[in-house]
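Quick note, the sequences are listed as chains B and R, same order.
Residues in the first sequence are numbered from 1 upward in steps of one, following this note's numbering.
Residues in the second sequence are numbered from 1 upward in steps of one, following this note's numbering.
Protein chains: 2
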Amino acid sequence: MNLDLSQTEENYLKAIFSLSLVVSKAVSTNSIAQKLETKASSVTDMVKKLSEKKLVDYKKYQGVSLTVEGKEIAVRIIRKHRLWEVFLVKHLDFSWDEVHEVAEQLEHVKSVKLTQQLDAYLEYPTHDPHGDPIPDADGNIAHHTEIMLSSLQIGDTCMVLGVKDSSKSFLKYLDSSGIKLGTDVRVLNKEDFDNSMIIEVGTKELSVSQQISKNLFVKKQQND
Amino acid sequence: MNLDLSQTEENYLKAIFSLSLVVSKAVSTNSIAQKLETKASSVTDMVKKLSEKKLVDYKKYQGVSLTVEGKEIAVRIIRKHRLWEVFLVKHLDFSWDEVHEVAEQLEHVKSVKLTQQLDAYLEYPTHDPHGDPIPDADGNIAHHTEIMLSSLQIGDTCMVLGVKDSSKSFLKYLDSSGIKLGTDVRVLNKEDFDNSMIIEVGTKELSVSQQISKNLFVKKQQND
DNA sequence: ACTAAAATTTAGATTAGTCTAAAAAATATT
DNA sequence: AATATTTTTTAGACTAATCTAAATTTTAGT
Chain B
1 MNLDLSQTEE
11 NYLKAIFSLS
21 LVVSKAVSTN
31 SIAQKLETKA
41 SSVTDMVKKL
51 SEKKLVDYKK
61 YQGVSLTVEG
71 KEIAVRIIRK
81 HRLWEVFLVK
91 HLDFSWDEVH
101 EVAEQLEHVK
111 SVKLTQQLDA
121 YLEYPTHDPH
131 GDPIPDADGN
141 IAHHTEIMLS
151 SLQIGDTCMV
161 LGVKDSSKSF
171 LKYLDSSGIK
181 LGTDVRVLNK
191 EDFDNSMIIE
201 VGTKELSVSQ
211 QISKNLFVKK
221 QQND
Chain R
1 MNLDLSQTEE
11 NYLKAIFSLS
21 LVVSKAVSTN
31 SIAQKLETKA
41 SSVTDMVKKL
51 SEKKLVDYKK
61 YQGVSLTVEG
71 KEIAVRIIRK
81 HRLWEVFLVK
91 HLDFSWDEVH
101 EVAEQLEHVK
111 SVKLTQQLDA
121 YLEYPTHDPH
131 GDPIPDADGN
141 IAHHTEIMLS
151 SLQIGDTCMV
161 LGVKDSSKSF
171 LKYLDSSGIK
181 LGTDVRVLNK
191 EDFDNSMIIE
201 VGTKELSVSQ
211 QISKNLFVKK
221 QQND
């Protein structure tokens, strides 16, 4: 079970996993190439290799999907990535737009004990700093039950739980607007013509475009 | 100044650095090969590459030495290695014989902020769990001022500060004998014929061979 | 259904790191 | 000083991961 994978192989599995969440069928060669910023021909080569190792199912021209074992490995890497993100933010004072590239490196460190102990040390966190769920030691992932801010109505109140787009620029924008995980937000108004919203964050009023409201996971609050 | 080195290149620099501490002249190809468990021919190839990058000085058949820049890089890696070791022992409950192989991986993670913050988080430790000094952010290393246990006389008392040999088997032996960093030890007797010692550790009496007493750094205590 | 366009794969090269076996240089031995 | 031994380097080959350019297959458009 414990074939030793290179960082590159691990990155391919991770990419295929996250692409599988978006499309229901097999993942295309091109989409993997795009995600990993490499060429389609390189993807073909690697996919063949992973197929021989029985980590993906692959038939020429038909795209790829992860096998059970491939998925297990991908989830383990994602687990490590997100645990490290929690560590960096909680203990090393990283901001949520800085953690990703460091976690990309830390996720490849191989040590079962390290992951276990880190998890315990962080007190078994369930979500990373972007609000994404952290798979447990058995690979179970709590799925996003949240809704998008954009779907709320005027007068609704909600709490920010996560971001869909976690690009640096988006995260920086949120930071400067005072929006963090756990922040309470009330919808004051919605513009029909461009679907922008006026929201209340703390004591401030803020206008947010649909581009933004469609990328914020929130939990609706009872407004009794 | 900031050429991006591969993990392999970093490991070569580290190996050359630590070998330089033992011999005063240039380091031999063979000794590097032995340390890295690789072949001499591979070492020659890599040394040429590092030489082109101006990280080592190299003349055919004459051995290698680090340039100022090469040494700086080596020291930075060692700093990271030892900081991670402290983290693993202090916070993740690793024993001192378990930390090395994980730290070997963590030391290659590239992020200036990570190292800085980790250092601060650990409260600027000066020594790793084996008693080895941790280079500061400027690359300065406090040198071992300790002496060997084997050099003490009957009746002397000392505190254990570090180990010279940090092989797993040695560390495990120390663990099982109740000898840790900071442990107080008194020399009860010395056997002339094999240079073994009877020492007092806590309430226990223990016989240790010269092989052991020559590998323990200690600080002599005033026995007023 | 046929053709044009897009996606994918193959073929052949390239780079990093490694190896074995042979050649060359340095060191040790008599 | 001449030879034997050891060390080091070179030459040539291999694997992993990548690329470009050409060939093939699928999909989309009419």
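Ideal Cβ positions, reconstructed from N, Cα and C, are used throughout, including at glycine.
Short-range partners of chain B found in the segment 114-127 of chain R, where Cβ spacing is below 7 angstroms | Leu114, Gln117, Leu118 and Tyr121
For Asn195 of chain B, which of helix, strand or coil comes out of DSSP?
-> Here residue 195 of chain B corresponds to residue number 195 of the first sequence, with the count starting at 1. Reduced to three states, the DSSP call for Asn195 of chain B is coil.
In the segment 95-111 of chain R, which residues sit with their C-beta less than 9 angstroms from some C-beta in chain B, listed in chain order?
-> Glu98, Glu101, Val102, Gln105, Leu106, His108, Val109, Lys110 and Ser111
When the distance is taken between beta carbons, is Ser65 of chain R closer than 8 angstroms to Ala26 of chain R?
-> In the second sequence, counting from the first residue as 1, residue 26 of chain R sits at position 26. In the second sequence, counting from the first residue as 1, residue 65 of chain R sits at position 65. Contact flag set, yes.
Flag this pair as yes or no: are the beta carbons of Ala103 of chain R and Leu88 of chain R separated by less than 8 angstroms?
-> Here residue 103 of chain R is taken as the residue at index 103 of the second sequence, counted from 1. Here residue 88 of chain R is taken as the residue at index 88 of the second sequence, counted from 1. Yes, the pair counts as a contact, with Cβ atoms nearer than the cut-off.
According to DSSP, is Ile217 of chain B helix, strand or coil?
-> On the first sequence, residue 217 of chain B is found 217 positions in, with the first residue counted as 1. A small fix is needed here, since residue 217 of chain B is Phe in this sequence, not Ile. Strand.
Among B:Phe193, B:Val86, B:Ile199 and B:Glu10, which one has its Cα closest to the Cα of Gly178 of chain B?
-> For this step, residue 178 of chain B is matched to residue 178 along the first sequence. When each option's Cα is compared against that of Gly178 of chain B, the closest is B:Ile199.
Stretch pair the segment 146-160 of chain R + the segment 204-222 of chain R: three plus CB contacts closer than 8 angstroms | yes
Under 8 angstroms, do Ser176 of chain B and His130 of chain B count as touching if we go by C-beta distance?
-> Taking the first residue of the first sequence as position 1, residue 176 of chain B is located at position 176. Taking the first residue of the first sequence as position 1, residue 130 of chain B is located at position 130. Cβ distance not < 8 angstroms, so Ser176 of chain B and His130 of chain B don't count as in contact.
Burial state of Phe193 of chain B (16 or more Cβ within 10 Å) = Here residue 193 of chain B refers to the residue found at position 193 of the first sequence. Looking at its Cβ environment, which holds fewer than 16 other Cβ atoms inside 10 Å, Phe193 of chain B is exposed.
Rounded straight-line distance, which links the Cα of Val163 of chain R to that of Ser151 of chain R | Translated into the one-based positions of the second sequence, residue 151 of chain R becomes position 151. Translated into the one-based positions of the second sequence, residue 163 of chain R becomes position 163. The alpha-carbon atoms of Ser151 of chain R and Val163 of chain R are separated by roughly 15 angstroms.
Would His143 of chain B count as contacting chain R if we go by Cβ distances under 8 angstroms?
-> Walking along the first sequence from the start, residue 143 of chain B turns up at place 143. No, His143 of chain B lies away from the interface with chain R (no Cβ there is under 8 angstroms from its Cβ).
Give the secondary structure of Asn189 of chain R by DSSP, where H, G and I count as helix, E and B as strand, and everything else as coil.
-> By one-based count along the second sequence, residue 189 of chain R stands at place 189. If DSSP states are grouped into helix, strand and coil, Asn189 of chain R belongs with the strands.
Rounded to whole angstroms, how far is the Cβ of Leu161 of chain B from the Cβ of Leu181 of chain B, which I believe are closer than 8 angstroms?
-> Residue 161 of chain B sits at position 161 when you count from the first residue of the first sequence. Residue 181 of chain B sits at position 181 when you count from the first residue of the first sequence. Yes, Leu161 of chain B and Leu181 of chain B are in contact; Cβ-Cβ is about 7 angstroms, under 8 angstroms.
Secondary structure of Ile179 of chain R, DSSP reduced to three states | The residue labelled residue 179 of chain R in the question sits at position 179 within the second sequence. Here Ile179 of chain R sits in coil by DSSP.
Which residue from B:Asp93, B:Glu37, B:Leu174 and B:Lys71 puts its Cα closest to that of Pro135 of chain B?
-> Locating residue 135 of chain B in the first sequence gives position 135, counting from the first residue. Of B:Asp93, B:Glu37, B:Leu174 and B:Lys71, the residue nearest in Cα terms is B:Lys71.
Since His91 of chain R meets chain B, which of its residues come closer than 7 angstroms, beta carbon to beta carbon?
-> Residue numbering aside, residue 91 of chain R sits at position 91 when the second sequence is read from its first letter. Simply Tyr121.
Is the beta carbon of Val109 of chain B sitting closer than 8 angstroms to the one on Gln105 of chain R?
-> Residue numbering aside, residue 109 of chain B sits at position 109 when the first sequence is read from its first letter. Residue numbering aside, residue 105 of chain R sits at position 105 when the second sequence is read from its first letter. It is a contact, given that the beta carbons lie within the stated cut-off.
Per-residue DSSP class, three states only, for Ser41 of chain R = Taking the second sequence and counting its residues from 1, one reaches residue 41 of chain R at position 41. In the structure shown, Ser41 of chain R sits in a helix (DSSP, three-state: H, G or I).
In terms of residue numbering, what span does the beta strand (DSSP E) encompassing Leu66 of chain B cover?
-> The count along the first sequence starts at 1 and reaches residue 66 of chain B at position 66. It spans Val64 to Leu66 - the beta strand (DSSP E) in which Leu66 of chain B sits, taken as one unbroken run.
Taking the C-alpha atoms as reference points, what is the distance between Leu118 of chain R and Leu92 of chain B?
-> For the purposes of this step, residue 118 of chain R is identified with residue 118 of the second sequence, where counting begins at 1. For the purposes of this step, residue 92 of chain B is identified with residue 92 of the first sequence, where counting begins at 1. Straight-line Cα distance between these residues: approximately 6 angstroms.
Distance, Ile78 of chain R Cα to Asp23 of chain R Cα | The count along the second sequence starts at 1 and reaches residue 23 of chain R at position 23. The count along the second sequence starts at 1 and reaches residue 78 of chain R at position 78. According to the sequence shown, residue 23 of chain R is Val rather than Asp. Those two C-alpha atoms are separated by around 19 angstroms.
How would you call Ala15 of chain B, buried or exposed, if buried means at least 16 neighbouring beta carbons within 10 angstroms?
-> For the purposes of this step, residue 15 of chain B is taken as residue 15 along the first sequence, with counting starting at 1. Under this definition Ala15 of chain B is a buried residue.
Is Val86 of chain R near Leu122 of chain R, with beta carbons less than 8 angstroms apart?
-> Numbered from its first residue, the second sequence carries residue 86 of chain R at position 86. Numbered from its first residue, the second sequence carries residue 122 of chain R at position 122. Contact flag set, yes.
Would you mind stating whether Arg82 of chain B and Asp128 of chain B have Cβ atoms separated by less than 8 angstroms?
-> For the purposes of this step, residue 82 of chain B is identified with residue 82 of the first sequence, where counting begins at 1. For the purposes of this step, residue 128 of chain B is identified with residue 128 of the first sequence, where counting begins at 1. Taking 8 angstroms as the Cβ cut-off, Arg82 of chain B and Asp128 of chain B qualify as a contacting pair.
Quick one: what's got a C-beta closer than 7 angstroms to Lys190 of chain B's C-beta in the same chain, skipping five residues either side?
-> Here residue 190 of chain B refers to the residue found at position 190 of the first sequence. Result list for Lys190 of chain B: Ile154 and Met197, in chain order.
Beta-carbon spacing of Ser6 of chain R, Leu19 of chain R below 8 angstroms = Within the second sequence, the letter at position 6 stands for residue 6 of chain R. Within the second sequence, the letter at position 19 stands for residue 19 of chain R. Not a contact, by the Cβ cut-off of 8 angstroms.
Thinking C-alpha only, which one of B:Lys59, B:Val43 and B:Lys172 is nearest Pro212 of chain B?
-> Here the question's residue 212 of chain B lines up with position 212 in the first sequence. Residue identity differs from the one stated: residue 212 of chain B is Ile in this sequence, not Pro. Nearest of B:Lys59, B:Val43 and B:Lys172 to Ile212 of chain B, Cα basis: B:Lys172.
CA-CA distance, Phe170 of chain R and Glu10 of chain R?
-> Indexing the second sequence from 1 puts residue 170 of chain R at position 170. Indexing the second sequence from 1 puts residue 10 of chain R at position 10. If you take the alpha carbons of Phe170 of chain R and Glu10 of chain R, they lie about 27 angstroms apart.
Nonlocal neighbours in the same chain, by C-beta distance under 6 angstroms from Thr115 of chain B, ignoring five residues either side | Position 115 of the first sequence, counted from the first residue, corresponds to residue 115 of chain B. These residues qualify, in order along the chain: Lys80.
Measure the alpha-carbon distance for Ser209 of chain B versus Leu174 of chain B and round it to whole angstroms.
-> By 1-based counting over the first sequence, the position of residue 209 of chain B is 209. By 1-based counting over the first sequence, the position of residue 174 of chain B is 174. Distance between the alpha carbons of Ser209 of chain B and Leu174 of chain B: 13 angstroms.
Rounded straight-line distance, which links the Cα of Ser28 of chain R to that of Ala40 of chain R | Walking along the second sequence from the start, residue 40 of chain R turns up at place 40. Walking along the second sequence from the start, residue 28 of chain R turns up at place 28. Near 10 angstroms, if we compare the C-alpha coordinates of Ser28 of chain R and Ala40 of chain R.
In whole angstroms, what separates the C-alpha of Gly202 of chain B from that of Asp184 of chain B?
-> If you number the first sequence from 1, residue 202 of chain B lands on position 202. If you number the first sequence from 1, residue 184 of chain B lands on position 184. Distance between the alpha carbons of Gly202 of chain B and Asp184 of chain B is about 7 angstroms.
Which same chain residues, not among the five before or five after Asn195 of chain R, have their C-beta less than 6 angstroms away from its C-beta?
-> The residue you call residue 195 of chain R lines up with position 195 of the second sequence. Gln210, listed in sequence order.
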